[in-house]
Amino acid sequence: MQKLNSVNSHAELQQRLADHGGSGDTARENGTKHIPSPAEPVDTVQCSSRKMLVGLDILCLLVASIPFFACELKAVKPYKRGFFCGDTSITYPYIETEAIPDSMLITGGIIITGLAIAVGECYRVRFRGVHSRAFVSNLYVSCLYKELGSFLFGCCVGQSLTNMAKLSVGRLRPHFLSACNVTYESLNCIPGTYISDVTCNNNSNTKIMEEARKSFFSGHASFAMYTLLYLAFYLQARLSWRGARLLRPLLQFMLVMLAVYTGLTRISDYRHHPTDVLTGFLQGGLTAYWVAFYISSMFKTSRPDMSPTSMSLESPLSSQQTVC
């Protein structure tokens, strides 16, 4: 009887050791060591970081748009610049109908360029197999967010610079006297004398009078040159089809020609002086070059550390995080 109890105790002891040993063997086979640790809210931290980066991008767009909205919402009045009696550059007639109105300019510039960028990026994601280091997991959303975001940021910067110049310089448009409904004879001034202030006979339409003091520099010329030259840069970076060697240069020429035509219509409509249009072309072209080569990643190549283990959490607007 005593021998039977000893055998049972020995068997029970071996069973317990086998249970504990099996757990240890399983852990050793998996190459891991079980150490209990408190759960970390990883998903919550990543979600907060994503919201912060998106919010930062939106904040940058809003800050860059402050001068633009200050002018459009009439929060700041243009500088009241005088003129010399007998100055013929401000005696042209006022034409109500514009060859290219603001609505056509904004709609055409944003839709043409934005749609071309959207189609190009979706094509590259679908057929070229691009990579992305951004926190946005969807490649379509990441590439569209990045390229369209860079383009819109350039729009905000360019138009803010334009409106800031309009408000601070206050150069008179070529149709200023006609919009003011006065003549040099009615002013009874001596040719060559400087007139610092004039009482207009068209005070009923304050909008026309304020716009008559915003000649420098041309917003149409700068916006058209920025949007269409930016699209020309985009075609240079993305349109790699070698079937027709002259197709891409032809498209780029047509885009630049359309931008130049838009600016020239402002001279024929007596809305701007030639120097206003020329400055607008220069500002729009420089902004397009700056955004295309230093903010957007269309001309940037992939970095060697594109492995998943080396990817850090970056905004889609970052210029170093993606090749798409």
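In the working numbering, the protein residues as written are 1442 to 1765.
Glycine is no exception: its CB is placed at the ideal position from the N, C-alpha and C atoms.
- Those residues which DSSP pairs with residue 1636 across a bridge: Residue 1636 pairs with 1524.
- Just confirm the distance between the C-beta atoms of residue 1724 and residue 1658, as a whole number of angstroms; I'd bet it's less than 8 Å. Indeed, because the Cβ distance is near 7 Å, the residues count as touching under 8 Å.
- Message: Which same chain residues end up closer than 6 Å to residue 1653 when comparing Cβ atoms and leaving out the 5 residues on each side of it in sequence?
- Response: Excluding positions up to five away in sequence, the list reads 1614, 1617 and 1620.
- Item | Backbone CA spacing between residue 1580 and residue 1534 [nearest angstrom] | In this model, residue 1580 and residue 1534 are separated by some 53 Å (Cα to Cα).
- Query: Below 8 Å, can you find three or more Cβ-Cβ pairs linking the segment 1702–1710 to the segment 1622–1630?
  - Reply: Counting Cβ pairs under 8 Å, fewer than three are found: no touch.
- Mapping DSSP to helix, strand and coil, what is residue 1705? Residue 1705 falls in the helix class under three-state DSSP.
- In chain order, what residues of the same chain have a beta carbon less than 6 Å from the beta carbon of residue 1726, not counting five sequence neighbours either side? So the list reads 1666 and 1670, once near-sequence residues are dropped.
- Task: Go ahead and pull the three-state DSSP assignment for residue 1658.
- Result: In this structure, DSSP gives residue 1658 a state outside helix and strand, which the three-state scheme calls coil.
- Task: Rounded to whole angstroms, what's the CA-CA distance from residue 1587 to residue 1718? Just pull it up for me.
- Result: Cα-Cα distance, rounded: 31 Å.
- Item | Straight-line Cα distance separating residue 1647 from residue 1674 | Looking at the two C-alpha atoms, the distance is approximately 40 Å.
- Query: How many whole angstroms separate the CB atoms of residue 1676 and residue 1691, which I take to be in contact at a CB cut-off of 8 Å?
  - Reply: Rounded, the Cβ-Cβ distance is 10 Å, inconsistent with contact.
- Message: Tell me whether the segment 1510–1521 and the segment 1603–1611 touch, counting them as touching only if at least three CB pairs, one residue from each stretch, are closer than 8 Å.
- Response: In short, these stretches touch, since the Cβ pair count reaches three.
- Item | Closest Cα partner of residue 1536 within the set 1721, 1706 and 1688 | Out of 1721, 1706 and 1688, 1706 has the C-alpha closest to the C-alpha of residue 1536.
- Task: Would you tell me roughly how many angstroms separate the C-alpha atoms of residue 1678 and residue 1695, rounded to the nearest one?
- Result: Whole-angstrom Cα-Cα distance: 17 Å.
- Item | Sequence-distant residues of the same chain with beta carbon closer than 7 Å to residue 1532, five excluded per side | For residue 1532, where only same-chain residues beyond five positions count, the Cβ hits under 7 Å are 1618.
- Item | Buried or exposed by the 16-neighbour rule on C-beta atoms within 10 Å, applied to residue 1492 | With a 10 Å radius around the Cβ and a threshold of 16 neighbouring Cβ atoms, residue 1492 comes out exposed.
- Keeping to the same chain, check which residues put their C-beta closer than 8 Å to that of residue 1517; ignore five residues upstream and five downstream. Closer than 8 Å at Cβ, skipping near neighbours: 1511 and 1608.
- If residue 1558 and residue 1592 are in contact, beta carbons under 8 Å, what's the gap, nearest whole angstrom? In this structure, residue 1558 and residue 1592 form a Cβ contact; the two beta carbons are roughly 6 Å apart against a cut-off of 8 Å.
- Task: Use the C-beta contact count for residue 1642: other C-beta atoms within 10 angstroms, 16 or more gives buried, fewer gives exposed.
- Result: Exposed: under 16 other Cβ atoms inside 10 Å.
- Task: Work out the CA separation of residue 1496 and residue 1735 for me, nearest whole Å.
- Result: For residue 1735 and residue 1496, the distance between alpha carbons rounds to 22 Å.
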